[in-house]
Ligand SMILES: Cc1cc2nc3c(=O)[nH]c(=O)nc-3n(C[C@H](O)[C@H](O)[C@H](O)COP(=O)(O)O)c2cc1C
């Protein structure tokens, strides 16, 4: 007789007792799109890295290939409505102006076509590129404008990040207090930090529920901040019942699970690390 564990119980007392709230083939079936602007290709590189990471975490095909905003001017409405979660990215170009400094087609649509978009409640996250060494007083300013335009349209924003010591800029319109409005990268000076930043950011978006069906919460923080990432070693698999057939539930109990702790909600989102598709939430 083969044994199939029916329940996973976290051993750490902080997480007990545990009850399943839902099991699903994720929350991660929502459609995800990336729209970016670029002049010299760096923002596209980061957009591609984000898409790759999403597909790695959520399963191949979860994220469509990134779309250059220049190619969808005039049809932005249908582009945004295709996706339940949209990631928008931009570089910054110093023109001496306060606004419209992406140097891309974003500047053409911010105060025209975008004003007609129906984005109330749409899940959106922002990323941006800049050069902290050469433009330290205006690092990634245009990401702040992109964020503000989207906010003015009533989107639900995800993916704000904590400004940590790895950033050496002096000022940025994309910085609000100790937070950036999204993921900021610097391919000119810190391209070696980009893969780690992208990885942590996508993991954060998962934890915030950005990819989930429904509205998500955006309440969790970066993994190196308030989120407690719990590994397999803190879980025990308890065999509560012996069965001859595999349970009909899609959840693979013998897989390795990674937990994303949301302290505010008092819940943990568990993602199957082998197929990165299955997930469930425990409340305690
Ligand atoms: C003329 C010029 C002006 C720039 N102005 C800024 C700026 O104001 N702030 C900033 O953070 N980066 C600035 N940058 C750096 C670019 O944002 C950075 O190189 C970015 O990676 C370009 O992205 P892209 O290749 O997608 O166009 C500037 C670069 C150039 C060449």
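Numbering (full-length UniProt numbering), first residue to last: 1 to 284.
Beta carbons are placed, not taken as given, at the ideal position from N, Cα and C, and that holds for glycine.
The structure presented is a predicted model; accordingly, all values stated were derived computationally and were not measured.
Start-to-end residues for the beta strand (DSSP E) that takes in residue i
| i | result |
| --- | --- |
| residue 157 | 156-158 |
| residue 183 | 183-185 |
Segment limits, alpha helix (DSSP H) that includes residue i
| i | result |
| --- | --- |
| residue 125 | Segment 123-129 is the beta strand (DSSP E) holding residue 125; no alpha helix (DSSP H) there. |
| residue 204 | 194-208 |
| residue 107 | 106-109 |
| residue 308 | Since the first and last residues shown for the chain are 1 and 284, residue 308 lies out of range. |
| residue 142 | 141-152 |
Contact belief for residue i with residue j at Cβ below 8 Å, rounded distance in angstroms
| i | j | result |
| --- | --- | --- |
| residue 211 | residue 32 | 6 Å |
| residue 143 | residue 184 | 6 Å |
| residue 124 | residue 86 | 5 Å |
| residue 119 | residue 155 | 5 Å |
| residue 107 | residue 100 | 4 Å |
| residue 104 | residue 39 | 6 Å |
Nonlocal neighbours in the same chain, by C-beta distance under 8 Å from residue i, ignoring five residues either side
| i | result |
| --- | --- |
| residue 116 | 77 |
| residue 61 | 55 |
| residue 102 | 37, 90, 91, 92, 93, 142, 145 and 146 |
| residue 49 | 194, 195 and 198 |
| residue 44 | 36, 38, 66 and 68 |
| residue 74 | 113 |
Close beta carbons around residue i, own chain, < 7 Å, minus the five adjacent residues each side
| i | result |
| --- | --- |
| residue 132 | 139, 167, 168, 169, 186 and 189 |
| residue 53 | 198, 199 and 202 |
| residue 180 | 160, 161, 163 and 174 |
| residue 137 | 170 and 171 |
| residue 245 | Confidence at residue 245 is low in this model, with a pLDDT of 37, below 50, so its placement is unreliable and no value can be given for it. |
| residue 151 | 157 |
| residue 178 | 162 and 163 |
Same chain, Cβ closer than 6 Å to residue i, five either side skipped, listed in chain order
| i | result |
| --- | --- |
| residue 127 | 89, 182 and 183 |
| residue 47 | 34, 36, 66 and 89 |
| residue 79 | 72 |
| residue 194 | 185 |
| residue 122 | 155 |
| residue 63 | 32, 51, 54 and 55 |
| residue 110 | 149 |
| residue 113 | 76 |
| residue 165 | none |
| residue 176 | none |
| residue 248 | Any reading at residue 248 needs caution, since the residue's pLDDT is 38, under 50, leaving its predicted position unreliable; the model's value is listed next. Answer for residue 248: no residue qualifies. |
Residue-level contact to chain C via CB, residue i, 9 Å cutoff
| i | result |
| --- | --- |
| residue 33 | Given the protein chain composition of this structure (a single chain), no chain C is represented. |
Legend entry - In chain order, each beta strand (DSSP E) run of at least 3 residues that lies wholly inside the segment 67-97: 85-90
Inset, instruction - Identify every run of the alpha helix (DSSP H) within the segment 37-61, keeping only runs that are complete inside it and at least 4 residues long; order them along the chain. - result: 42-58
Legend entry - Residue list, Cβ distance to ligand 1 heavy atoms smaller than 6 Å: 38, 39, 40, 41, 42, 43, 91, 92, 93, 94, 129, 130, 131, 135, 138, 139, 140, 141, 187 and 188
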